[in-house]
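Residues in the sequence shown are numbered consecutively from 173, following the numbering used here.
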Amino acid sequence: MAFSKTLVFTMIFTVFAMVKPSEAALDAHYYDRSCPVAEKIILDTVRNATLYDPKVPARLLRMFFHDCFIRGCDASILLDSTRSNQAEKDGPSNISVRSFYVIEEAKTKLEKVCPRTVSCADVIAIAARDVVTLSGGPYWSVLKGRKDGTISRANETVNLPAPTFNVSQLIQSFAARGLSVKDMVTLSGGHTLGFSHCSSFEARLQNFSKFHDIDPSMNFAFAQTLKKKCPRSSNRGKNAGTVLDSTTSVFDNDYYKQILSGKGVFGSDQALLGDYRTKWIVETFARDQKAFFREFAASMVKLGNFGVKETGEVRVKSGFVN
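Encoded structure:
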């Protein structure tokens, strides 16, 4: 998607205006001297991977979310499991992340040009921005200077927001990461790029409650469509599931329009329409894509600044500590 210089400048200015200097300990120009080609290398790698596999954008965006939610944005999600430790990437909540090879490839290229300089955590943050922009979403200036973590535990993925959460649970989970109610609804819009396995929503399709077989907040025809994609047969494919909105390869506000129509895939998605604290935000973003883009850019900067490690190591290889 083409952007005018004026539009890009306006978006960047808006993001920085919404992040107080005291909160933004990182620096947008961190690699200007030490590795000026860093962002180009990452962008080229991400673009090539996306052309090869259309699932890459959703997976890299989810990778950023999941990484930042566990221990702050420290690339702990990239560390491989060992004999004595099962790492985050092998936790059940990260089964749909994958595409780790994209970050590994970018990191390998960076090590050849700028050894021990660009952290894996920054690569993930930049890649997340790039997949959004390449998919037609907003551009923002990524704050950089994170260091990589050395601890990764699969059992800590239970702290990720679940697709079954109600609004109060979502608000509490996001607040623990310094994020507001609006940030929560805004970042949930990242589901506009995405795919879900049946296991994350099939409980809404049958035996939902004592009084309802199907979740009553779900559009009935939509529920029947999902039932066909998720047959109860135990021999269904491991890739059985559905996209999270009708324009899954495009970053837009269709996710919010789907919710208004009762077609939110996750219970946590549809719940946003049923709570006065979040309903107005869903309605606003459904009718105003520019507002959604502006808020999404700002919320991504805010999330990317949570729990950041400014001292520590820059991993040479993404899957191993130095």
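Don't be surprised by glycine CBs; every beta carbon is placed ideally from N, CA and C.
- As computed with DSSP, S307 is found in no beta bridge at all.
- With a minimum length of 4 residues, the unbroken runs of alpha helix (DSSP H) contained wholly in the region 205-230 fall at 210-224.
- Taking all protein chains shown into account, Q430 has 16 or more neighbouring C-beta atoms within 10 Å of its C-beta and is therefore buried.
- Assigned with DSSP and collapsed to three states, H238 falls in helix.
- For G476, there is no enclosing beta strand (DSSP E); the residue is found in the alpha helix (DSSP H) stretching over Q461 to G476.
- Contact check for H369 against N411 passes: the beta carbons are separated by less than 9 angstroms.
- DSSP lists V415 as the beta-bridge partner residues of F367.
- Contact between F492 and D320 is ruled out by a C-beta separation of about 10 angstroms, above the 8 angstroms threshold.
- In the DSSP assignment, Q396 falls within the alpha helix (DSSP H) that extends over F392 to K401.
- The DSSP-derived three-state label of N494 is coil.
- Its chain contains G439 as the residues whose beta carbon lies nearer than 6 angstroms to that of T336, once the 5 sequence neighbours on both sides are disregarded; these appear in chain order.
- Bridge pairing for N425: absent [DSSP].
- Of T254, C245, L223 and A463, the smallest CA-CA separation from G361 is found for A463.
- When secondary structure is reduced to three states using DSSP, N266 falls in the helix class.
- DSSP, reduced to helix, strand and coil, places N331 within a helical segment of the structure shown.
- The three-state secondary structure of E374, taken from DSSP, is helix.
- D426 is classed as buried because its beta carbon has at least 16 other beta carbons within 10 Å across all chains shown.
- In the three-state reduction of the DSSP assignment, D199 falls in the strand class.
- By the C-beta criterion, the region 328-346 is judged not to be in contact with the region 391-403, since fewer than 3 inter-stretch pairs fall below 8 angstroms.
- Rounded to whole angstroms, the gap between the alpha carbons of T419 and Y311 is 19 angstroms.
- Distance from the Cα of V274 is smallest, within the candidate group N220, T456, C286 and L332, for N220.
- By the C-beta density criterion, K261 is buried, having at least 16 other C-beta atoms within 10 angstroms.
- Here DSSP, grouped into helix, strand and coil, assigns D252 to coil.
- In this chain, the alpha helix (DSSP H) harbouring L359 covers V353 to S360.
- In the three-state reduction of the DSSP assignment, E482 falls in the coil class.
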